[in-house]
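What follows is a single structure, written as structure tokens, with notes after it.
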Amino acid sequence: MAIGAGVGRCLRLLGLACLLGTSVQSRAGDDGAEALAGTTFFGYGKAMYVFDDKKGGRPNQNTAGFGGKLGLESGDYRGWRLRAAWYTTQDLGLARDNPRQTDAYMFGLDKRPYSLWGEAQLIYSRGRSRLTLGRQEIQSPLINSYEYRIIPNLFDAYVLSSRELPGTTLTLGYVGQMSGLDGLVSFSDFRSMSQQTYTSLLVDGQGRPDARNGETLDPSTVVGHRGVWMTGVAYEAEHKLQLWHYYGRDTLQTVYADGRFKQPLGRSFTALIDGQAYRVSEVGAFRDYLARHGLNASYGLAGLKGTLAHAPSGLSLALMANRFGGDQRTVTAYGNWGGYPEFVLMPYLYAENDAMSAIARSRLRKATLLLDLGPYGLPEHSLLLGHARMDIDEAILPGADIIANSLIYRARLTPRVSARLHLEARSSAHSRYDNHFLTLGLRYDF
Numbered sequence: 000m001a002i003g004a005g006v007g008r009c010l011r012l013l014g015l016a017c018l019l020g021t022s023v024q025s026r027a028g029d030d031g032a033e034a035l036a037g038t039t040f041f042g043y044g045k046a047m048y049v050f051d052d053k054k055g056g057r058p059n060q061n062t063a064g065f066g067g068k069l070g071l072e073s074g075d076y077r078g079w080r081l082r083a084a085w086y087t088t089q090d091l092g093l094a095r096d097n098p099r100q101t102d103a104y105m106f107g108l109d110k111r112p113y114s115l116w117g118e119a120q121l122i123y124s125r126g127r128s129r130l131t132l133g134r135q136e137i138q139s140p141l142i143n144s145y146e147y148r149i150i151p152n153l154f155d156a157y158v159l160s161s162r163e164l165p166g167t168t169l170t171l172g173y174v175g176q177m178s179g180l181d182g183l184v185s186f187s188d189f190r191s192m193s194q195q196t197y198t199s200l201l202v203d204g205q206g207r208p209d210a211r212n213g214e215t216l217d218p219s220t221v222v223g224h225r226g227v228w229m230t231g232v233a234y235e236a237e238h239k240l241q242l243w244h245y246y247g248r249d250t251l252q253t254v255y256a257d258g259r260f261k262q263p264l265g266r267s268f269t270a271l272i273d274g275q276a277y278r279v280s281e282v283g284a285f286r287d288y289l290a291r292h293g294l295n296a297s298y299g300l301a302g303l304k305g306t307l308a309h310a311p312s313g314l315s316l317a318l319m320a321n322r323f324g325g326d327q328r329t330v331t332a333y334g335n336w337g338g339y340p341e342f343v344l345m346p347y348l349y350a351e352n353d354a355m356s357a358i359a360r361s362r363l364r365k366a367t368l369l370l371d372l373g374p375y376g377l378p379e380h381s382l383l384l385g386h387a388r389m390d391i392d393e394a395i396l397p398g399a400d401i402i403a404n405s406l407i408y409r410a411r412l413t414p415r416v417s418a419r420l421h422l423e424a425r426s427s428a429h430s431r432y433d434n435h436f437l438t439l440g441l442r443y444d445f
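At position 345 of the sequence shown the residue is numbered 344 (numbering that gives the first Met the number 0), and the sequence of numbers has no breaks.
Written out as structure tokens, the structure reads:
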């Protein structure tokens, strides 16, 4: 009897386990089917045209580009999702025979069309937190998927973000590789963050500083292939504040902060005060390399911006200024890893003579007038006029001061179609920074 009872209990337990297993498998199968059924497609198509009227005997650039991205994302399976996207930029046979007449950023570094799998992610979400593993777009002050042309900067990374706290976003990530137009050695391939680190340092074939005849240093030849840790906290409610730290192993580290104070002035006017600052410094093997040549990469930036907005008219007037630190022996990394957080943007300036960077000690000022056309029956249409003055240190790069006047028109034509027009006229005694250009863009999102 005891043996029979024991066998009976075992059979009942086995039956219960089989029943539970069947139930779990059935539920898992149902969840998997729902995840597949929930797969969605997304992306955009984009057409662009760039005309650059260059001075100083340089050939003008006249470039049309077409492309976009096509992606798919699975439905949710117990908090997990898969996401992938293919990007392309093409010339449709319209490219000029002379590469010097082709825009430097529309296509690859060799000015040829290219395509790539720019996104390939495994995503886990729980509550208001998300973990993203793999190739992805990133939005942060200094590591940024800045969409300057058709394909943005893309990153191979592990990123954890949380919005559990009211109005607050916490971010922790490790970025291993990058592709895109702000990379140093390749736009079209993913390369290590150290290899894509774009500094102002020019070197000769033996790796010695040579601002007169050198080529931009590939830092991976000095430090190997390294990644970047990034941490950030951003608070946004009536006022804004964010603080970020980027630690590039054996390359550069940066501490960045900005904030905004908002003050209503009666029923019609609003005043905003924005401030920003960051500090860059060299670390590890890159610091040792620079020290051997009597150089440094330690400098800072400070900025202030004031805006007065009048809601009934849609007008906003803004005044802003930035100032870079550093000296003639300072190596800088303007626009590195896709980040352009500065209030006043400037063209990339190249080191010359014996200086290591052209932007050290530069002072930038800009005034803008924004007209929101919503009050006039054109919602999501705007016109931005700008006037900027860029004072470059005469001891570092003589005669390179720049005056720039700009016009940007943005329009949401339909819920899916948007357009952008950008005109800018730059004048400088240095012909390299004396040019007029036009950019047209038409985008369809789906």
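Glycine included, every Cβ here is placed at the ideal spot set by N, Cα and C.
With fewer than 16 other beta carbons inside 10 angstroms of its own, residue 203 counts as exposed. DSSP places residue 277 inside the beta strand (DSSP E), whose first and last residues are 268-281.
Residue 131 is classed as buried because its beta carbon has at least 16 other beta carbons within 10 Å across all chains shown. Going by C-alpha positions, residue 246 is about 4 Å away from residue 252. In the displayed model, residue 393 falls within coil according to three-state DSSP, outside both helix and strand.
The three-state secondary structure of residue 285, taken from DSSP, is helix. Its chain contains 428, 429 as the residues whose beta carbon lies nearer than 6 Å to that of residue 398, once the 5 sequence neighbours on both sides are disregarded; these appear in chain order. CA-CA distance, residue 171 to residue 159, rounds to 5 Å. Between residue 387 and residue 364, the CB-CB gap stays under 8 Å. Note on the region 162-231: whole alpha helix (DSSP H) runs with a minimum of 4 residues are 219-222, in chain order. Here the alpha carbon of residue 98 sits roughly 9 Å from the alpha carbon of residue 60.
Bounds of the beta strand (DSSP E) holding residue 263 are 251-264.
Contact between residue 74 and residue 35 holds, since their C-beta atoms are separated by about 7 Å, short of 8 Å. Just so you know, the alpha carbons of residue 70 and residue 278 end up roughly 37 Å apart. The secondary-structure analysis by DSSP pairs residue 160 across a beta bridge with 129, 170.
Looking from the CA of residue 318, the closest CA among 257, 312, 302, 220 belongs to 302.
The beta-carbon separation of residue 391 and residue 361, rounded to 5 Å, stays under the 8 Å limit for a contact. A check of alpha carbon separations from residue 263 across 323, 285, 290, 307 identifies 307 as the nearest.
Secondary structure at residue 324: coil, using DSSP grouped into helix, strand and coil.
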